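Notes follow the structure.
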């Protein structure tokens, strides 16, 4: 009986650790897991995403708590959550990447921006931020002088 419990415990730990490592294989897998968790608990999603980076968890606990508190307060103002869409993805080399998403809410969209870094063999979140300035950016992109620059 005792041996069965140890074997079962070992199996569970192995499966869980495999899933954690697998979730950090690509930036897409990290963001997919983030949004899956976000639907149920935005605070747990923030913990997950910063948990990919040991330096964040060890040295910036107050900053992470601040992000969670401000995000929770902000989300109380925008209504129901309806999903997300990728806006853009930019990279510098093969190991540093920015990915931006539009998060759809009743009142207005919100942008989440993730900066990923792969120092060795796995991706980690270097920075995470959110804002609601999408309308300003959209208006700016549609101005005539910006269009003329692109025509040259």
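Residue numbers (the working numbering): 136 to 287. Cβ atoms here follow ideal geometry from the backbone N, Cα and C, with glycine treated the same way. This one's a predicted model, so the numbers in the text were calculated from it and none came from an experiment.
8 Å contact criterion, which residue i and residue j should meet: CB distance rounded
{"i": "residue 202", "j": "residue 227", "result": "Actually they do not touch by this definition, with Cβ atoms about 24 Å apart."}
{"i": "residue 251", "j": "residue 261", "result": "6 Å"}
{"i": "residue 105", "j": "residue 242", "result": "Nothing can be reported for residue 105, as the shown portion of the chain is limited to 136 through 287."}
Residue i versus residue j: straight-line alpha-carbon distance, rounded
{"i": "residue 211", "j": "residue 244", "result": "13 Å"}
{"i": "residue 161", "j": "residue 218", "result": "21 Å"}
{"i": "residue 197", "j": "residue 204", "result": "11 Å"}
{"i": "residue 186", "j": "residue 169", "result": "11 Å"}
{"i": "residue 273", "j": "residue 256", "result": "36 Å"}
{"i": "residue 235", "j": "residue 184", "result": "14 Å"}
{"i": "residue 213", "j": "residue 270", "result": "15 Å"}
{"i": "residue 179", "j": "residue 223", "result": "24 Å"}
{"i": "residue 207", "j": "residue 189", "result": "23 Å"}
{"i": "residue 277", "j": "residue 221", "result": "20 Å"}
{"i": "residue 166", "j": "residue 238", "result": "12 Å"}
{"i": "residue 268", "j": "residue 254", "result": "31 Å"}
{"i": "residue 229", "j": "residue 164", "result": "17 Å"}
{"i": "residue 215", "j": "residue 275", "result": "27 Å"}
{"i": "residue 173", "j": "residue 279", "result": "38 Å"}
{"i": "residue 159", "j": "residue 258", "result": "In this prediction, residue 159 scores a pLDDT of 49, lower than 50, which makes its location untrustworthy; no coordinate-derived value is stated."}
{"i": "residue 199", "j": "residue 225", "result": "24 Å"}
{"i": "residue 231", "j": "residue 249", "result": "11 Å"}
Beta-ladder partner(s) of residue i, from DSSP
{"i": "residue 238", "result": "219 and 245"}
{"i": "residue 233", "result": "225 and 250"}
{"i": "residue 262", "result": "250"}
Which runs of the alpha helix (DSSP H) fall wholly inside the segment 157-206 and span at least 4 residues, in chain order? 162-175, 177-185 and 189-194
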